[in-house]
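Just so we're aligned: 284 in numbering that gives the first Met the number 0 is position 285 of the sequence shown, and the numbers increase by one with no gaps anywhere. Where a beta carbon is used, it is the ideal one built from N, C-alpha and C, also for glycine. Note that the structure is predicted; figures quoted are calculated from it, not measured.
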Amino acid sequence: MSEVYDQLLLTPGPTAVPQRVLDALNIPMIHHRTKQFQAILERVNTNLKKVFLTKHPVITLSSSGTGAMEAAIINLFSPGDKVIACHSGKFGERFSDIAKAFGLNVIDVTNEYGVVVSADDVKKALEQHKDAKGVLTTLLETSTAVLHPIQEIAAVVRQTSAVLLVDAVSGLICDPLYMDEWGVDVVVSGSQKGLMLPPGLAFIAMNEKAQKMMVDSTTPKYYLCLKAALKAFVKNDTPYTPAVSLIRGLDVALDLILDEGIENVWKRHAVAALWVRNQVTNLGLELFAKAPSNAVTAISMPEGLKSEDLIRFMRDERSVIMANGQGHIKGKIVRFAHMGETAKPAAYERGYRVFLEALKHAGYVSTAKAL
Ligand code: PMP
0 MSEVYDQLLL TPGPTAVPQR VLDALNIPMI HHRTKQFQAI LERVNTNLKK
50 VFLTKHPVIT LSSSGTGAME AAIINLFSPG DKVIACHSGK FGERFSDIAK
100 AFGLNVIDVT NEYGVVVSAD DVKKALEQHK DAKGVLTTLL ETSTAVLHPI
150 QEIAAVVRQT SAVLLVDAVS GLICDPLYMD EWGVDVVVSG SQKGLMLPPG
200 LAFIAMNEKA QKMMVDSTTP KYYLCLKAAL KAFVKNDTPY TPAVSLIRGL
250 DVALDLILDE GIENVWKRHA VAALWVRNQV TNLGLELFAK APSNAVTAIS
300 MPEGLKSEDL IRFMRDERSV IMANGQGHIK GKIVRFAHMG ETAKPAAYER
350 GYRVFLEALK HAGYVSTAKA L
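Here it is, written out as structure tokens:
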């Protein structure tokens with residue numbers, strides 16, 4: 000057990016949970032149908048809007064982030080509806096797969112891993128498919144560390160009757176996302192990333208355009224029915240038993256974020272990202288993402304180096320946990336996250352020192368500065 004107390008989790012989710020949040024998780028249970036819990040939910044619902052930068056409801060679901068992605072698809076669309084799914088990584092592919100699983104007519108707009116699917120790509124697809132009812136995209140594509148230009152994509156989608164759905168499971172709080180100002184219709188997120196909570200909560204925010212689409216949706220749904228969730232939401236209630244402890248943790252995490260100020264939190268992530276990227280590129284290593292997010296740095300492995308070797312050394316010898324690539328880029332990148340609580344110098348500087356040791360241990364000879 001003791002070894003987990005020294006572990007530094009520098010994976011792009013789950014991320015480290017601050018002590019104040021851990022303390023809030025660890026207090027005696029209360030019942031959810033009480034004034035006491037309603038007061039917490041009221042505060043959480045208000046503060047979530049401030050973090051999502053929206054005046055619209057942000058619904059909290061008891062699931063991981065994928066649950067909110069599925070909720071978005073099954074509540075807005077019907078089998079046969081056409082949607083444009085933009086992807087150049089694992090999580091964009093997942094959004095497309097969910098839509099296919101529920102019988103939607105999915106037009107895949109793809110690009111190679113490491114680059115974005117751009118606003119221009121979206122514009123062309125929407126011109127070709129004028130009957131598209133939705134566009135699915137990802138803020139931070141966690142599998143490649145790519146940040147999508149959501150503001151530009153939203154400006155394109157806004158000109159049409161389609162709704163824009165953004166998977167911000169990992170990007171929210173780390174990279175700027177102005178839901179209402181940019182005209183994003185649906186934002187989904189999860190608890191175990193920038194929100195600095197354990198896994199188990201997912202979020203979905205929807206504007207009026209998205210809520211109107213719910214009326215015509217014929218896709219079967221029950222537990223993830225957002226009409227029921229919205230009805231309960233206005234009374235600071237939930238249709239089913241909520242994850243009471245996690246919501247109490249969320250209450251504290253939102254306080255921490257709002258006390259710091261969302262723009263300051265973004266700045267802290269930008270400082271962390273710049274520092275890590277500078278160190279890594281000074282070693283002669285390359286970044287995998289052409290348009291990198293501020294929450295995670297994907298470091299390409301040079302010839303002869305396998306990411307699993309570095310990751311194993313860091314984990315087993317130094318208790319620092321970083322992530323491998325996924326799919327066909329497994330073994331080819333190390334994902335070094337500086338997300339939420341770990342976007343602080345004590346965490347990412349320790350992470351970098353250990354990464355350096357792992358490189359030396361693997362025999363890497365820097366082409367730039369001496370190691
Ligand atoms: N989308 C993105 C961008 C993610 O990073 C993740 C989790 N890594 C998911 C979706 C899926 O979330 P979960 O694992 O919480 O279901």
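- By the criterion of a C-beta distance shorter than 8 Å, GLU180 is surrounded in its chain by LEU52, once the five residues flanking it on both sides are discounted.
- When Cβ pairs closer than 8 Å are counted between the two stretches, the stretch 135–150 is seen to touch the stretch 294–312, the count reaching three or more.
- The residue from SER87, PHE94, ASN277 with its alpha-carbon nearest to that of GLU69 is PHE94.
- In the three-state scheme derived from DSSP, where H, G and I count as helix and E and B as strand, HIS268 is classed as helix.
- Judged by their CB atoms, SER61 and LEU245 are nearer to each other than the 9 Å cut-off.
- PRO27 has its alpha-carbon roughly 31 Å from the corresponding atom of SER318.
- Between the ligand PMP and PRO198, a heavy atom-to-CB distance of less than 8 Å is present.
- With respect to the 9 Å criterion, GLY339 and GLY199 are not classified as neighbours on the basis of their beta carbons.
- Judged by DSSP secondary structure, VAL115 falls outside any beta strand (DSSP E); it is assigned neither H nor E.
- ALA98 places its beta carbon less than 9 Å from that of LEU135.
- About 16 Å separates the Cβ atoms of ALA272 and GLY113, ruling out a contact at the 8 Å cut-off.
- With 16 or more other Cβ atoms inside 10 Å of its own Cβ, PRO56 counts as buried.
- The beta carbon of ILE310 sits closer than 7 Å to the beta carbons of MET321, ASN323, VAL333 from its chain, once the five residues preceding and following it are set aside; these are given in chain order.
- Secondary structure of ASN235 (DSSP, three-state): coil.
- DSSP lists PHE202 as the beta-bridge partner residues of SER188.
- Cα atoms of GLU41 and GLN191: separation of roughly 21 Å, rounded to the nearest angstrom.
- For the pair GLN127 and ASP80, the Cα-to-Cα distance works out to about 15 Å.
- Restricting attention to SER117, ALA346, GLN35, the CA atom closest to the CA of GLU151 is found in SER117.
- For VAL16, the three-state secondary structure derived from DSSP is coil.
- Going by DSSP, LEU47 is part of the alpha helix (DSSP H) stretching over 34–51.
- As DSSP reads the structure, PRO291 sits in a beta bridge with VAL145.
- In the DSSP annotation of this structure, the continuous segment of the alpha helix (DSSP H) that includes LEU75 starts and ends at 64–75.
- One thing to note: VAL50 has its Cβ no nearer than 9 Å to the Cβ of ASP250.
- For LYS329, the Cβ stays outside the 8 Å cut-off from all heavy atoms of the ligand PMP.
- Counting only residues of its own chain and dropping the five nearest sequence neighbours on each side, LYS305 has a CB closer than 6 Å to the CB of GLY330.
- According to DSSP, residue pairing for ASP107 in a beta bridge involves ALA84.
- Nearest Cα to ILE149 within the set PRO175, ALA131, ALA124, LEU125: PRO175.
- Under the three-state reduction of DSSP, ASN25 is assigned to coil, being neither helix nor strand.
- In this chain, ILE310 is not harboured by any beta strand (DSSP E); it is covered by the alpha helix (DSSP H) spanning 306–317.
- Under DSSP, ALA297 forms a beta bridge with ARG334.
- Between SER365 and the set ASP22, VAL279, ASP130, the nearest pair of CA atoms involves VAL279.
- Setting aside the 5 residues that flank it on each side, LYS234 has no residue in the same chain whose C-beta is closer than 6 Å to its C-beta.
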